[in-house]
Every structure is written in C-alpha cells, then in structure tokens.
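Number 554 marks the last residue of the first sequence (the UniProt record's numbering); no jumps. From the three backbone atoms N, C-alpha and C, an ideal C-beta is built for every residue, glycine too. The structure presented is a predicted model; accordingly, all values stated were derived computationally and were not measured. Report on one structure; see the data block that follows.
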Amino acid sequence: VRKIRVLMTRTELLWEEGKSSDTQKWSSLEHKGPYFPPEYEPLPDNICFYYDGQPMKLSPATEEIVTFYAKMLDHEYTSKEVFQCNFFSDWKEEMTKEERKLIKMLSKCDFSQIHKYFVEKSEERKNMTKEEKQVLKEEASRLMEEYGFCLLDGHREKIGNFKLEPPGLFRGRGEHPKMGKLKKRIQPEDVTINCSQDSKIPAPPAGHRWKRVQHDNTVTWLASWLENIHGRPKYIMLNPSSKLKGEKDWQKYETARRLKMKVDSIRKQYRRDWTSREMKSRQRGVAIYFIDKLALRAGNEKDDESADTVGCCSLRVEHITLHRRLDGQEHVVEFDFLGKDSIRYYNKVPVEKQVFKNLKLFIKHKDPEDDLFDRITTVKLNKTLNECMPGLTAKVFRTFNASTTLQDQLNKLTTGEKILSYNRANRAVAILCNHQRAAPKTFEKSMQLLQEKIQKKKEQIEEAKKELKEAKKAHKDKAVQRLSEQLKKLQLQETDREENKVIALGTSKLNYLDPRISVAWCKKHQVPVEKIYNKTQRDKFAWAIDMTDENFQF
DNA sequence: GGATGGACTTGACAAGATGTAC
DNA sequence: GTACATCTTGTCAAGTCCATCC
Numbered sequence: 001v002r003k004i005r006v007l008m009t010r011t012e013l014l015w016e017e018g019k020s021s022d023t024q025k026w027s028s029l030e031h032k033g034p035y036f037p038p039e040y041e042p043l044p045d046n047i048c049f050y051y052d053g054q055p056m057k058l059s060p061a062t063e064e065i066v067t068f069y070a071k072m073l074d075h076e077y078t079s080k081e082v083f084q085c086n087f088f089s090d091w092k093e094e095m096t097k098e099e100r101k102l103i104k105m106l107s108k109c110d111f112s113q114i115h116k117y118f119v120e121k122s123e124e125r126k127n128m129t130k131e132e133k134q135v136l137k138e139e140a141s142r143l144m145e146e147y148g149f150c151l152l153d154g155h156r157e158k159i160g161n162f163k164l165e166p167p168g169l170f171r172g173r174g175e176h177p178k179m180g181k182l183k184k185r186i187q188p189e190d191v192t193i194n195c196s197q198d199s200k201i202p203a204p205p206a207g208h209r210w211k212r213v214q215h216d217n218t219v220t221w222l223a224s225w226l227e228n229i230h231g232r233p234k235y236i237m238l239n240p241s242s243k244l245k246g247e248k249d250w251q252k253y254e255t256a257r258r259l260k261m262k263v264d265s266i267r268k269q270y271r272r273d274w275t276s277r278e279m280k281s282r283q284r285g286v287a288i289y290f291i292d293k294l295a296l297r298a299g300n301e302k303d304d305e306s307a308d309t310v311g312c313c314s315l316r317v318e319h320i321t322l323h324r325r326l327d328g329q330e331h332v333v334e335f336d337f338l339g340k341d342s343i344r345y346y347n348k349v350p351v352e353k354q355v356f357k358n359l360k361l362f363i364k365h366k367d368p369e370d371d372l373f374d375r376i377t378t379v380k381l382n383k384t385l386n387e388c389m390p391g392l393t394a395k396v397f398r399t400f401n402a403s404t405t406l407q408d409q410l411n412k413l414t415t416g417e418k419i420l421s422y423n424r425a426n427r428a429v430a431i432l433c434n435h436q437r438a439a440p441k442t443f444e445k446s447m448q449l450l451q452e453k454i455q456k457k458k459e460q461i462e463e464a465k466k467e468l469k470e471a472k473k474a475h476k477d478k479a480v481q482r483l484s485e486q487l488k489k490l491q492l493q494e495t496d497r498e499e500n501k502v503i504a505l506g507t508s509k510l511n512y513l514d515p516r517i518s519v520a521w522c523k524k525h526q527v528p529v530e531k532i533y534n535k536t537q538r539d540k541f542a543w544a545i546d547m548t549d550e551n552f553q554f
C-alpha cells in the first residue's frame, strides 16, 4: 500500500482524501451492544392449548409460537387465508415430531383459553397501582441509561432503537404474501457489532458470542442482523437528535434548496422531452413531470414477495384513466393505485395537452397490467436528474415541493389564529404527499361534542341580542361581539378538524419540511417554537432552532 | 445495463403518557 | 380523583438510492 501511495500523484491523493472524508462517518465509536428481549416465559399449567377438543401440552418452543397467534386473535387479519397458511406452515416446522404427527389442521386448534389469559394479563397491567407503574418506569429508564447511549467521537449520543425486535408473527402492510410468517428470535450469534477497534467491545450475553465484531467507520450503524422474513439486514442506529443524523438532515434540505435554483431549467428540459423523437425521453419527461407536479415517489421495481404497490416509474396502465373532458375540465388523468404501505393514491388531475397525448401513446397496444413507462427505470431517471444537478434524485422533489408549499402557504394563510394557520399550511403539504391516517376512533364523538358547543354559542348570541334589543346598553353590544368571535373560532376549529380527519401531519413535519421555515415563521410572528414542535421534534431540529433567524428563506 | 446487497430515510400505527373536563 | 380525549413515543415495515458484480 505504501508503495502505491508513493506512486500516486498529489491530485490523486487529494481526491482520495476528499472521498474518505465524505465516506468516513466517525473516528471513534463505543457502545454496549443491543438489548435482548426477555426469554420466553412458559404458560402456567392451568392455561392450555386444545387440539380437536383435547388439551395438549406443547414443547416450550412450539408453545411460544402459539402465544404469538393467540395474542392476535382479535385482529381481523388472523382470519385471512394467507395469514393462516403462512402461520401454520412455519409453526409446523418448529414443532417436535410428535406434535407434527398430531396437529394436522389449524381449524382444529383452539387458542381461546390462551387468548383470554393474555387479555386478562393486559387488563392487569392497565390496572396496576401508581407505585407498581413507577417501578416499571424506573426499570425502563435504567435500561435506557445502560443501553440507550453510545459514545461517538467523544460525544454521548442517543441511540434510536437499542432494543432488538422481539420474535412474533410478521404482519406487513396491505395484502402482503408473507403475512403470518414466523419472525424468529434474534440470537447473539446472528448479530454483527460495529464499533471502533480501541473501544470497549460490548459483551455478548453469557454463554454466547457475536456473529462478528467489525470496525467499519464508513457506516453509521452500531449493530446489524438479517431478519428471516425477507433475509434483509436490519440495523441499530442513532436517534435523530444526534449530530450525525442532524448534519445529514441539514444536507438533505440544502440539496432541496439547490434544486430551487435549478428547477426552472429542469422544467423546461422535461417539457422539451415531451416532444422528443425518442420514446424513452418522452416517458422520462412525463415521469419527472409527475414526480415534480404530484410529488409521486420514484417507484423502484419490486419482487412478488411483497405487497403489490407502485410509485411513478412502476405505474401500470391499469392505474390511470384518461378523460378528454371531466367535470368541466380538459385532459384529466385519473390516478388510482396503492403506494407505499399500500396507501391508496386517488387523484384527478388536469394535465397539459402534450402530456395527455403522450400518455395515450404510452398505453397504446398495452394490456392493463403492462408498465406505463416501459422504457425507463428509477436508475435511469435518477441518472438524468443527477446530470442536471449533482445530488439530485427523485425524492429531492418531494422535499423541495413540500418545503416550498409550506413557505408559500404560511405567507398566504397566516392570520390571527397562528397555530391554526400553521396547521393548515402543514395540511396542504400532507395532502400533496398523500400522508394519510385511519380516522381517529373517537372522531365522530368528538365532532359531535364540538357541534354541540357551537350550537350553544349560537343560542347565547341570540339570547344576548334579545337582551340588547330590550335594553340598548353599550356593554351588551360588546358582549355580542365577543360571543360572535368565540363562535367564529369554534367554527374554524370544526372545519379544521373535519379536514384533518384522515390526514397525518407528522410525517411531513418530521421528514419533508425544512425546519428553518417553521423556526423563522415562529420568530416573525412571535409564536413560541414549543407551540409548533414538541420536545422530540425540538431535539431533532436543534440545529435549525439554533441557526435560524426570522429572515430565513427556503 | 441489469441484478443484487447494503445502508439509510420515510411511514403508518398502537401503546403508553399526558392533558382536560367533569 | 376519575374518565376520557389527545398527544407523544416506540415499533418495525417499506420505501429510496448507491455500490459492486457480472
């Protein structure tokens, strides 16, 4: 190596230095390793599994798997055939020979007693006394103290997920072909430890050893293992409040801000591509247009071992409907597909005539299940984007458009009701990014309560007005005014809650909105930053809170 | 240029913690 | 003080994108 270095030119050395400073993530790293979930505790003797009506004592390993299923009995998905099949076949593999001989059909298995046992246990936990709860809390914070932090370049940093994932049944989102499969218990022998050479190497649990101990400072993780469902790696990494993550986050927003300077020329380019002689350029032009205008995800190819979901590049003909005219608008594209986490994307969008023409061309002679964009991939698309601007990829558009929208909406919407204004702006972004949530369980009830309040307020106003007529007193007039303002506020709250019913604000706030926009807005309008960001969010965005003044522009 | 593996970000959801009305 | 609603936090699945190999 030394010989080679001597032969290298100065430029080459500098280049290598630059590269290494970019890829090196730390110079020292010390930690205690992951925390392992407690061992399985066998069921008490009076709690039994029944097969074909007969009680049956299972081996501990088999029994543990049964408890996973029994705990889930309330969930709708245990009634799904895929779930049941996957579970039963994985369960059988872990049975003893004797058990396998006896247990032939899931439908003859009765887990109800075990289910009841766990329901009661969780009730008990809920009904614990304050003191008992306090003991648990202290235990948790002791654990956090011991395993929850690492030493990175001499700084004590919080770890994101220091507890290993306990065994259980894989659920997955949407119609996942692997739902119900057994997620196995992780053993120390499965775990790779990453730390610095001269640090105190974490001790494996007694009687065990690690799979490997490595000292790779080009990666940020502290420990990793392969999960058995897809055979993909999982990691223990730092908390978002850490310097390492914070700097990366800041970089992300800086890249998005660079796009701001470039976006006009990129838009011009993809419009030119719409009329290109080459099919692949036209497809690329339309795809980038969707990514830009609709904030669609890139849409990498997926295997059939996971739920059938798509993003931009993986859209199929069946996911769009073209309407020459619809509801008084021209050239409307109707999107209907399942995106990330099997969340439905449904949108009717008027597009430019040339885009419409192109889409017609793309779907010509194709079957519904054919790819809409058959000449491009996310890799090719990102390559093009990277040539337009270093560091530019499809997902930067989401960050860019989200942050730009927030800034615009804040400028447009900010009124006396500051927090409501902020939430509205936040909601505009969440809608753009299609961040949905299940309607809160108590939604109807709390809505009704609010409506009752509004009704009451209206009656109060009527009452006050009547009194006003009877005795023309100046202070009564003021009272009506005050009540009317209160009514207005309540009505605003009503629309707000209604519009927020199935919209999740958290994801965009945490991942897409440049926190400096929010911090600057707070300063400009004298809103305490605590009203916008809770403790965790303030920790994550400490860098932004620190550096931003009210004049910041995204 | 496609396939694969690896590292990292983004995402919905539910349990637990906290706040609020009575 | 209790019951309920809402917010916070942890969990872990599912994306993106890059490097490497052939």
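I need the DSSP call for residue i, collapsed to helix, strand or coil.
i: Leu-169; result: strand
i: Lys-211; result: coil
i: Thr-536; result: helix
i: Ser-224; result: strand
i: Leu-326; result: strand
i: Pro-204; result: coil
i: Lys-163; result: strand
i: Lys-248; result: helix
i: Phe-356; result: helix
i: Lys-3; result: Low confidence applies here, because Lys-3 scores a pLDDT of 35, under 50, leaving its location unreliable and the question unanswered by this model.
i: residue 566; result: This structure leaves residue 566 out entirely; the chain is present only between 1 and 554.
i: His-331; result: strand
i: His-155; result: strand
i: Met-8; result: With a pLDDT of 38 at Met-8, under the threshold of 50, the predicted position of this residue should be treated as unreliable, though the coordinate-derived value follows. In the structure shown, Met-8 sits in coil (DSSP, three-state: anything other than H, G, I, E or B).
i: Val-349; result: strand
i: Gln-283; result: helix
i: Thr-548; result: coil
i: Glu-530; result: helix
i: Cys-388; result: helix
i: Leu-29; result: strand
i: Leu-338; result: strand
i: Ile-343; result: coil
i: Arg-142; result: helix
i: Ile-503; result: strand
i: Asp-45; result: coil
i: Gln-24; result: coil
If you follow the alpha helix (DSSP H) that residue i is in, where does it begin and where does it stop?
i: Thr-414; result: Here Thr-414 belongs to no alpha helix (DSSP H), and DSSP marks it neither H nor E.
i: Val-519; result: 515–524
i: Thr-192; result: Where Thr-192 is concerned, there is no enclosing alpha helix (DSSP H), although the beta strand (DSSP E) it sits in stretches over 192–194.
i: Tyr-117; result: 112–126
i: Asn-511; result: 506–511
Taking the continuous beta strand (DSSP E) assigned at residue i, which residues delimit it?
i: Gln-54; result: 54–56
i: Lys-178; result: Counting along the chain, Lys-178 falls outside any beta strand (DSSP E), and DSSP gives it neither H nor E.
i: Leu-151; result: 149–152
i: Ile-236; result: 233–236
i: Phe-49; result: 49–51
Should residue i be listed as close to the ligand ZN, given that the test is whether its C-beta is under 7 Å from any heavy atom?
i: Val-502; result: The ligand ZN is not part of this structure, which contains no ligands at all.
Between residue i and residue j, which are expected to be in contact by the criterion C-beta below 8 Å, what is the C-beta distance as a whole number of angstroms?
i: Leu-372; j: Ile-320; result: 7 Å
i: Cys-313; j: Ile-376; result: 6 Å
i: Gly-180; j: Ala-307; result: The pair is not a contact, with the Cβ atoms about 14 Å apart (cut-off 8 Å).
i: Thr-192; j: Thr-23; result: No, Thr-192 and Thr-23 are not in contact; Cβ-Cβ is about 19 Å, not under 8 Å.
i: Glu-189; j: Lys-163; result: So it is not a contact: roughly 18 Å between Cβ atoms.
i: Thr-399; j: Tyr-253; result: 7 Å
i: Val-310; j: Phe-337; result: 5 Å
Minimum length 4: unbroken alpha helix (DSSP H) runs contained in the stretch 60–110: Counting only runs that start and end inside the stretch 60–110, the alpha helix (DSSP H) elements of at least 4 residues fall at 60–71, 81–94 and 97–102.
Validate contact between the stretch 218–225 and the stretch 47–66 using beta carbons, cut 8 Å, 3 pairs: no
Contact the stretch 40–52 vs the stretch 146–163: 3+ CB pairs below 8 Å: no
Three-pair Cβ contact test at 8 Å for the stretch 61–70 versus the stretch 107–124: yes
contact_flag[the stretch 427–442, the stretch 502–511] where n(CB pairs < 8 Å) is 3 or more: yes
Secondary structure, alpha helix (DSSP H): runs of 4+ residues fully inside the stretch 447–501: Annotation note: the stretch 447–501 contains the following uninterrupted alpha helix (DSSP H) runs of length 4 or greater, listed N- to C-terminal: 474–499.
Three CB pairs or more closer than 8 Å across the stretch 242–255 and the stretch 321–341: no
Cβ contact check for the stretch 227–243 and the stretch 141–158: 3 or more pairs under 8 Å: yes
Given 8 Å, three or more beta-carbon pairs between the stretch 195–208 and the stretch 28–36: yes
At least 3 beta-carbon pairs within less than 8 Å: the stretch 528–535 vs the stretch 441–452: no
Contact the stretch 412–420 vs the stretch 275–292: 3+ CB pairs below 8 Å: no
Three-pair Cβ contact test at 8 Å for the stretch 384–391 versus the stretch 334–352: no
Touching by the beta-carbon criterion (3+ pairs, under 8 Å), the stretch 262–279 and the stretch 351–358: yes
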